[in-house]
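Residue numbers for the sequence shown follow our numbering, so the first one is 1 and each next one is one higher.
Quick reminder that beta carbons are idealized off the backbone N, C-alpha and C, glycines included.
Okay, structure first, notes after.
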Amino acid sequence: MQVQQTPGLAPLPMQMQVPMPVMIQPGMMMVAQAQVPMERADLPGERTVLSQTGGTRLQNTKSIKIEYNAEIRQPGCCEKLALSFATCCCLSFDTERSYLYVRENSIEANTAFNMCCECSTCTQNKKFDRVKVMYFDNDPFKPNPSAGCGCCPYDPKLEVIDSGCMIFCVKVCSDKSVVFMPFEKYCCCQSNRVAGCDNWCGCCGGITGNPKIYFSFYPQPANAQAFVDVCQPVQKACMERL
Numbered sequence: 001m002q003v004q005q006t007p008g009l010a011p012l013p014m015q016m017q018v019p020m021p022v023m024i025q026p027g028m029m030m031v032a033q034a035q036v037p038m039e040r041a042d043l044p045g046e047r048t049v050l051s052q053t054g055g056t057r058l059q060n061t062k063s064i065k066i067e068y069n070a071e072i073r074q075p076g077c078c079e080k081l082a083l084s085f086a087t088c089c090c091l092s093f094d095t096e097r098s099y100l101y102v103r104e105n106s107i108e109a110n111t112a113f114n115m116c117c118e119c120s121t122c123t124q125n126k127k128f129d130r131v132k133v134m135y136f137d138n139d140p141f142k143p144n145p146s147a148g149c150g151c152c153p154y155d156p157k158l159e160v161i162d163s164g165c166m167i168f169c170v171k172v173c174s175d176k177s178v179v180f181m182p183f184e185k186y187c188c189c190q191s192n193r194v195a196g197c198d199n200w201c202g203c204c205g206g207i208t209g210n211p212k213i214y215f216s217f218y219p220q221p222a223n224a225q226a227f228v229d230v231c232q233p234v235q236k237a238c239m240e241r242l
């Protein structure tokens, strides 16, 4: 392939095929081909890989890889009411501006809000962002083998919990979401998952396999299982690179 070059100017970069994500249904993605320029040359003052250490280190200093761009779950009635009461009905959730990324070394989330017109006389800004980044080598993901004097080694990860329950061996009110699970075992040998002894062998009680001790995660992805299936191996691969 020949590229037309103007005298005195650098040649244009070649084009190449790279995979680009395309949404096919909520929480699921496929790969399509798109034309993008090849990687540019280093610019003066750019940081090198060797000068960056720890979980914030990038695999490519010119870009950060997004492994998964999750569809955001719509807030429930209780969440909307809580926000209305806390802000005197001045703010509402903006799920279109909100996002949840699984990046190569972290999770980045933005919970966005819209301000009602009646409350915006003191500012021209009607959109607010609450952005947070959680690196896999730091809290809340940082392991602590000596937690609880070694009886409860802290090894956090994201897990899926089903908030439903078992009634006469039938699962009712099933609703899956993502939570932080701090450990698989506590008090030396106790499993941190619901088992037959906890729900009468599936007859009545919590859903088998659910974490017993966990912490909330927000914002929630529309497809909790797909989000966790992507996040767990990315977290493991990031820690192995350190």
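Distance, residue j Cα to residue i Cα
i    : j    : result
A147 : E240 : 22 Å
S92  : Y218 : 16 Å
K176 : D229 : 14 Å
C238 : A222 : 24 Å
T77  : D162 : Per the sequence presented here, residue 77 reads as Cys, with Thr not at that position. For C77 and D162, the distance between alpha carbons rounds to 19 Å.
C188 : C151 : 5 Å
C165 : C90  : 36 Å
F227 : M115 : 29 Å
P145 : Y186 : 12 Å
L83  : Q220 : 16 Å
R57  : L43  : 19 Å
K127 : N138 : 30 Å
K62  : C149 : 43 Å
G202 : C169 : 6 Å
D198 : I213 : 13 Å
Y68  : Y99  : 11 Å
N60  : Q52  : 11 Å
K80  : K65  : 33 Å
R97  : E184 : 35 Å
N257 : C88  : With the chain running from 1 to 242 in the structure shown, residue 257 is simply not present.
C204 : L242 : 44 Å
G45  : A112 : 33 Å
R103 : W200 : 40 Å
Local Cβ density within 10 Å of residue i, reported as buried at 16 or more and exposed below that
i    : result
F215 : exposed
R47  : exposed
S174 : exposed
P13  : Note on P13: pLDDT 47, under 50, position unreliable in the model; no value is reported.
I167 : exposed
A86  : exposed
E71  : buried
R130 : exposed
L9   : Model confidence at L9 stands at a pLDDT of 45, short of 50, so the residue's coordinates are unreliable and nothing is read from them.
Proximal residues to residue i (C-beta, below 7 Å), its chain only, five neighbours per side dropped
i    : result
P140 : M134, P156 and F180
Q74  : T95
F136 : G55, N105, S106, Q235, C238 and M239
V172 : G164 and C165
V178 : L158, V160, F217, Q220, P221, A224, F227 and V228
Cβ-based neighbour list, residue i, same chain, cut-off 8 Å, excluding 5 preceding and 5 following
i    : result
Q232 : K157 and L158
P143 : P153, Y154, D155 and P156
Contact set for residue i: own chain, Cβ-Cβ below 6 Å, skip 5 residues either direction
i    : result
E108 : Y101 and V133
E160 : Reading off the sequence shown, one finds Val at residue 160, where the question assumed Glu. Cβ neighbours of V160 beyond the five flanking positions: K176, A224, Q225 and V228.
P182 : Y154 and P156
ask   = Can you give, in chain order, each stretch of the alpha helix (DSSP H) that sits fully within the region 57-141 and has at least 4 residues?
value = With a minimum length of 4 residues, the unbroken runs of alpha helix (DSSP H) contained wholly in the region 57-141 fall at 77-86.
ask   = Any chance the region 205-219 sits against the region 185-193, with 3 or more Cβ pairs inside 8 Å?
value = Enough Cβ pairs lie closer than 8 Å, so yes.
task = Kindly provide the ranges of any beta strand (DSSP E) runs that are 3 or more residues long and lie completely inside the region 161-224, ordered along the chain.
result = 165-167, 170-172 and 176-181, all fully within the region 161-224.
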